[in-house]
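Working notes for the structure below.
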Amino acid sequence: MRQCRVPSGHTCVGALPFTPNRIRRGLQMRFSVLAVSLLVLTAACGKQAEPEAQPAAADAKPAAPAAAQELVVYTSRNEQLVKPLFDQYTKETGTKVTYLTDKAPPLMERLRAEGDRTQADVLITVDAGNLWQAANLGLLQPIDSPTLQANIPAHLRDPENRWVGLSVRARTIVHDPKAVPATELSTYEDLADPKWRGKLCLRTSKSEYNQSLVATMIATLGPERTEQVVKGWAENLAAPPFANDVAVIEAIEAGRCSVGIVNSYYLGRQQRDKPELAVKPFWPNQGDRGVHVNVSGAGVTKHSDNPEAARAFIEWLSSEKAQALYANENMEYPANPKIEAAPLVEGWGDYKADVINVSEAGRLQAEAVKLMDRAGYR
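With my numbering applied, the sequence shown covers 4 to 381.
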């Protein structure tokens, strides 16, 4: 049985990984198939041509693009979340989805190194900053899709249509109402006030989610005001920054701090698993720009062999069925506004979202990293 060897941290499924020998064998196979096809066509030259296809009736559905037998997806999303989606797509269309999982930077580096030799058709990753970076590196191609334009709001799509958001996470304030009533909370900026000294918990500034939050603040507030806010956050920390959002929630629950900032779906998962959890969300900045939102999303790789099938797959991911799967499996908000979130998440109530285009999170990410470093937020 063939061994599946990949670097540490990868997940290898199906036909992956793509070794040089595999690529050479694949090319040899393609040339062999081409040669056979030419012989068959030559032999058939004397046969009568098939009748031309007749135009479809006026009320018929538009013909779907020819489905590829297999699509290859590079994804930084958790396998437990994406596999049900891939399996459902295969069930509905017959198209096999082979996928490779890793963190976003290694996947982008792999795409860059493979160039036109890649077998990847679709890149799925978290954070608009990563999607912007992939597009900026020339790893994605534009998607001309009225379906995606209809299903996904403009601020959740790349302005040049190279990627599209598929799920939404609100990076919101969380608190223990017994320690901090909601009436004492207001904005992200207010958390820099000295009244929160020793009461704030945050994830590390190395988190792409915090980098995106600060990047969009730079776009809205300007760099000087944003740096003042971030410096205030750093001064108000009750503990050194945590490695992940779950640790922030647990610290609030344990009383180590009173308030924090996390992605909404982390809180949703925690509440689902621990209904007695005291930590609650608070929607900040409702009187001005709204809650910062980010996305997970997808794009068609620049050198996909099946760009039309890849586009059709991403369109399906924006559909009602796939969006509902996203919402209920990972407690994220659907990017398609026609679809409701999971009942638990809906129970948090509506909020006003910041509708700045999420691509700004990528454009200003490097500046955000430098700003956080200057402000002493590590």
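Using N, Cα and C, we set each Cβ at its ideal position, and we do this for glycine too.
How many angstroms separate the CA atom of residue i from the CA atom of residue j?
i           : j           : result
residue 198 : residue 129 : 34 Å
residue 359 : residue 287 : 15 Å
residue 176 : residue 223 : 18 Å
residue 143 : residue 137 : 7 Å
residue 157 : residue 339 : 11 Å
residue 243 : residue 204 : 8 Å
residue 232 : residue 289 : 18 Å
residue 167 : residue 280 : 34 Å
residue 372 : residue 139 : 18 Å
residue 185 : residue 253 : 19 Å
residue 249 : residue 163 : 35 Å
residue 98  : residue 112 : 27 Å
residue 132 : residue 141 : 14 Å
residue 92  : residue 121 : 22 Å
residue 312 : residue 94  : 15 Å
residue 257 : residue 200 : 18 Å
residue 124 : residue 101 : 10 Å
residue 234 : residue 192 : 11 Å
residue 82  : residue 104 : 7 Å
residue 154 : residue 218 : 26 Å
residue 80  : residue 331 : 15 Å
residue 116 : residue 304 : 13 Å
residue 351 : residue 306 : 42 Å
residue 272 : residue 314 : 30 Å
residue 369 : residue 378 : 14 Å
residue 188 : residue 213 : 19 Å
What is the DSSP secondary structure of residue i, counted as helix, strand or coil?
i           : result
residue 92  : helix
residue 247 : coil
residue 266 : strand
residue 300 : strand
residue 158 : helix
residue 214 : helix
residue 359 : coil
residue 365 : helix
residue 274 : helix
residue 279 : coil
residue 168 : strand
residue 383 : Outside the modelled stretch of the chain, which goes from 4 to 381, sits residue 383, for which no answer is possible.
residue 83  : helix
residue 99  : strand
residue 188 : coil
residue 146 : coil
residue 287 : coil
residue 61  : In this prediction, residue 61 scores a pLDDT of 33, lower than 50, which makes its location untrustworthy; no coordinate-derived value is stated.
residue 3   : Residue numbering for the chain in the displayed model covers 4 to 381; residue 3 lies beyond these limits and cannot be assessed.
residue 252 : helix
residue 381 : coil
residue 140 : coil
residue 228 : helix
residue 78  : strand
residue 207 : coil
residue 163 : coil
residue 233 : helix
residue 183 : coil
Using a threshold of 7 Å, is the CB atom of residue i nearer than that to any non-hydrogen atom of the ligand FMN?
i           : result
residue 226 : No copy of the ligand FMN occurs in the structure displayed, which carries no ligand at all.
Starting from the Cα of residue i, find the closest Cα among the options and give me that residue.
i           : options            : result
residue 322 : 342, 307, 306, 139 : 342
residue 150 : 125, 320, 327      : 320
residue 85  : 184, 253, 160, 328 : 328
residue 346 : 297, 336, 340, 293 : 336
residue 308 : 324, 119, 92       : 119
residue 146 : 330, 353, 316, 292 : 316
residue 134 : 165, 109, 124, 306 : 165
residue 172 : 362, 372, 333      : 333
residue 237 : 250, 249, 215, 264 : 264
residue 194 : 240, 163, 214, 206 : 240
residue 247 : 113, 275, 355, 209 : 209
residue 110 : 77, 349, 73        : 77
residue 353 : 80, 285, 272       : 285
Counting beta carbon pairs with one atom in the stretch 361-381 and one in the stretch 288-298, are three or more of them shorter than 8 Å?
Taking 8 Å as the limit for Cβ pairs, the verdict is that the stretch 361-381 does touch the stretch 288-298.
Do the stretch 226-234 and the stretch 259-275 make contact, defined as three or more Cβ pairs closer than 8 Å?
No: fewer than three Cβ pairs fall under 8 Å.
Within the stretch 290-348, note down every full beta strand (DSSP E) run reaching 3 residues or more, in order along the chain.
Runs of the beta strand (DSSP E) spanning 3 or more residues and lying entirely within the stretch 290-348 occur at 295-304, in chain order.
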